[in-house]
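Numbering (this note's numbering), first residue to last: 73 to 353.
Cβ coordinates follow ideal geometry from the N, Cα and C atoms, glycine included.
These figures come from a predicted structure and were not determined experimentally.
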């Protein structure tokens with residue numbers, strides 16, 4: 073075990089933004105540091121690691137399926153034994169959906185990856201953060217209460233624990249499955265409640281850890297990378313002029329590697345600025 077070098081980890085890192093984050097971390101960190109590039113398919117993880125250019129930090133592939141309730145905890149235990157802690161964690165794993173997908177057919181897997189996967193990563197890796205560490209959840213501008221009907225704001229506005237977040241996600245998931253969401257105020261675009269719940273999870277954990285993290289220089293935050301030119305985004309929007317994953321990753325890497333801005337703690341950040349959680353913020 074060594075604590076003299078930095079350790080970073082990226083979930084959902086075999087393509088797109090996650091791959092760009094892993095490559096960017098490796099480029100900006102030192103040769104004695106280690107970046108774990110993770111994904112749920114070992115062959116794709118191996119191929120992604122082999123395709124990265126050399127130089128900078130060592131990149132290691134690791135299997136991590138955030139939809140597996142035990143996987144994040146297992147990997148966290150391995151890293152704790154191997155390194156004693158972690159310095160940078162990007163929670164980026166995501167199940168993507170297209171305009172033709174039926175929310176009722178995909179919502180179980182979608183919630184397992186995007187939401188329960190997020191809270192699993194937070195629970196597993198936050199305790200491993202060393203002084204001046206960063207734990208950043210990749211979310212979206214959609215992750216604010218502005219995009220949710222006011223009658224639903226109380227579902228996510230002031231949650232105080234990850235267990236409460238999981239309970240609200242489960243209730244939303246079940247409403248999608250039984251059709252009651254369509255008859256109520258829930259938006260038809262499932263990305264909206266999902267992203268709001270991700271930010272709510274960060275806010276809930278931040279409420280529990282704020283004082284200790286402030287003393288130790290730790291940053292816990294959600295981040296919006298903005299529109300990215302990827303095939304999946306292209307199914308929904310015109311992304312021809314949008315930044316590439318590598319370009320979009322720059323602001324996220326700055327958040328992870330540059331000095332902490334105290335106002336960012338527990339917030340949703342886009343290009344260095346905090347996005348208001350409510351209209352009152």
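Distance check for residue j and residue i, CA to CA, integer angstroms please.
i	j	result
residue 122	residue 215	34 Å
residue 350	residue 112	35 Å
residue 259	residue 250	15 Å
residue 159	residue 204	7 Å
residue 100	residue 233	34 Å
residue 335	residue 346	8 Å
residue 74	residue 168	With a pLDDT of only 44 at residue 74, under 50, the local geometry of the prediction cannot be trusted, and no value is derived from it.
residue 77	residue 189	27 Å
residue 318	residue 96	8 Å
residue 147	residue 290	21 Å
residue 184	residue 173	17 Å
residue 212	residue 103	32 Å
residue 247	residue 262	12 Å
residue 242	residue 175	14 Å
With residue i as the anchor, note down where its beta strand (DSSP E) starts and where it stops.
i	result
residue 203	201-210
residue 342	340-342
residue 79	79-82
residue 136	That residue, residue 136, is in no beta strand (DSSP E); it is neither H nor E in DSSP.
Which stretch, first to last residue, makes up the alpha helix (DSSP H) that contains residue i?
i	result
residue 323	317-329
residue 241	234-250
residue 93	88-100
residue 346	Segment 345-347 is the beta strand (DSSP E) holding residue 346; no alpha helix (DSSP H) there.
So the candidates are the options; which of them puts its Cα closest to the Cα of residue i?
i	options	result
residue 293	282, 183, 252	282
residue 136	172, 181, 193, 183	193
residue 92	131, 103, 222	131
residue 90	178, 255, 116	116
residue 153	295, 297, 114, 200	200
residue 256	346, 221, 168, 289	221
residue 165	147, 139, 248	139
residue 240	261, 276, 211	276
residue 279	237, 185, 262	237
residue 312	183, 319, 321, 300	300
residue 219	323, 119, 268, 84	268
residue 118	129, 107, 134	134
residue 181	266, 156, 155	266
**OP:** Spell out a yes or no on whether the segment 321-328 and the segment 341-352 are touching, meaning 3 or more CB-CB pairs, one atom from each, closer than 8 Å.
**Re:** Enough Cβ pairs lie closer than 8 Å, so yes.
Original post:
Counting pairs of beta carbons, one from the segment 268-287 and one from the segment 215-229, are three or more of them closer than 8 Å?
Top reply: The segment 215-229 and the segment 268-287 touch, with three or more beta-carbon pairs separated by less than 8 Å.
Original post:
What alpha helix (DSSP H) runs, 4 residues minimum, are completely inside the segment 144-207?
Top reply: List check, alpha helix (DSSP H) in window: 175-183, 189-197.
Subject >> Cβ contact (3+ pairs, closer than 8 Å) linking the segment 160-171 and the segment 206-222 >> reply: Contact between the segment 160-171 and the segment 206-222 is present, because at least three Cβ pairs lie under 8 Å.
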